[in-house]
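*Asks:* Okay, here's the structure, questions in a sec.
Residue numbers (the working numbering): 165 to 360.
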């Protein structure tokens with residue numbers, strides 16, 4: 165009696181599954197470059213502040229609005245929390261992510277507008293790009309962060325638009341979230357280093 169042996173073949177896809185979606189990985193690489201940019205600027209600022217003769221900020225320069233900017237910092241951190249909530253809602257029911265995403269964008273817009281108001285007040289008090297190294301670094305670092313916030317709001321607006329139409333990919337939303345978390349996470353560091 166001949167024995168038959170059946171061979172079981174498992175067909176698998178030879179390509180490995182990605183650990184991270186490509187959009188998220190690309191954004192992480194971009195954010196890494198941005199971290200290096202800000203690290204260089206912060207290093208230069210800290211060296212300048214440490215080697216400055218006398219008090220910092222220099223005499224005759226207005227003090228930065230520490231308390232008012234603390235409120236603005238809280239608004240930006242709250243926007244990051246709401247984006248995290250939007251991402252969790254998106255995983256369950258994408259339509260439920262619209263509201264927290266909208267509020268996160270509103271808080272981000274508040275941050276930009278309040279920073280603009282702060283700049284106008286500081287310029288009126290005599291802190292300009294050319295008034296001192298303090299002014300130069302303040303506008304350079306805070307301004308570059310502001311540009312990143314505006315770019316982040318643009319990315320979130322694009323994600324919001326696609327979400328409202330029902331065709332936002334999870335990977336795209338994840339990439340937008342990575343960038344916004346970078347913007348939100350960087351600000352408290354800048355606030356503590358530049359404003360105090």
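Idealized CB from N, CA, C, for every residue including glycine.
Note down, in chain order, each residue of its chain lying with its Cβ closer than 6 Å to the Cβ of residue 279, except the 5 sequence neighbours on either side.
*Replies:* Excluding residues within five positions, the ones whose Cβ falls inside 6 Å are 310.
*Asks:* Please look up how many angstroms separate the CB atoms of residue 229 and residue 282, rounded, as I've assumed it's under 8 Å.
*Replies:* 6 Å
*Asks:* Please report the residue range of the alpha helix (DSSP H) in which residue 242 lies.
*Replies:* Run containing residue 242: 230-256, per the alpha helix (DSSP H) assignment.
*Asks:* What residue from 196, 298, 186 and 267 has the CA that sits closest to residue 360's CA?
*Replies:* Out of 196, 298, 186 and 267, 298 has the C-alpha closest to the C-alpha of residue 360.
*Asks:* Would you check if there are 3 or more beta carbon pairs closer than 8 Å linking the stretch 284-301 to the stretch 224-244?
*Replies:* yes
*Asks:* Three Cβ pairs or more, each shorter than 8 Å: is that satisfied between the stretch 209-222 and the stretch 339-356?
*Replies:* no
*Asks:* Would you mind sorting residue 233 into buried or exposed? The rule is 16 or more other CB atoms within 10 Å of its CB.
*Replies:* buried
*Asks:* According to the neighbour-count rule (16 or more other Cβ atoms, all chains shown, within 10 Å of its Cβ), is residue 209 buried or exposed?
*Replies:* buried
*Asks:* Mind pulling the alpha helix (DSSP H) runs of 4 or more residues that sit fully within the stretch 265-329?
*Replies:* 297-329
*Asks:* Quick one: what does DSSP say residue 331 is sitting in, helix, strand or coil?
*Replies:* coil
*Asks:* For residue 261 versus residue 273, is the C-beta spacing smaller than 7 Å?
*Replies:* no
*Asks:* Take residue 239 and list the residues in its own chain whose beta-carbon comes closer than 6 Å to its own, dropping the five residues that flank it on each side.
*Replies:* 271, 274 and 275
*Asks:* Taking the Cβ atom as the reference point for each residue, do residue 313 and residue 347 lie within a distance shorter than 7 Å?
*Replies:* yes
*Asks:* Going by alpha carbons, who is nearest to residue 328 out of 306, 292 and 266?
*Replies:* 266
*Asks:* Nearest by alpha-carbon distance to residue 337: which of 277, 287, 241 and 249 is it?
*Replies:* 249
*Asks:* Assuming residue 354 and residue 306 make a contact with CB atoms under 8 Å, what is their CB distance in whole Å?
*Replies:* That pair is a contact at about 7 Å.
*Asks:* My understanding is that residue 339 touches residue 200, with C-beta atoms under 8 Å, so please give their C-beta distance in whole angstroms.
*Replies:* Not confirmed; about 19 Å, so no contact.
*Asks:* Please tell me whether residue 335 and residue 183 are closer than 7 Å, where the distance is taken between their beta carbons.
*Replies:* no
*Asks:* Three-state secondary structure (DSSP) at residue 349?
*Replies:* helix
*Asks:* Just to confirm the assignment, what range does the alpha helix (DSSP H) spanning residue 227 have?
*Replies:* Counting along the chain, residue 227 falls outside any alpha helix (DSSP H), and DSSP gives it neither H nor E.
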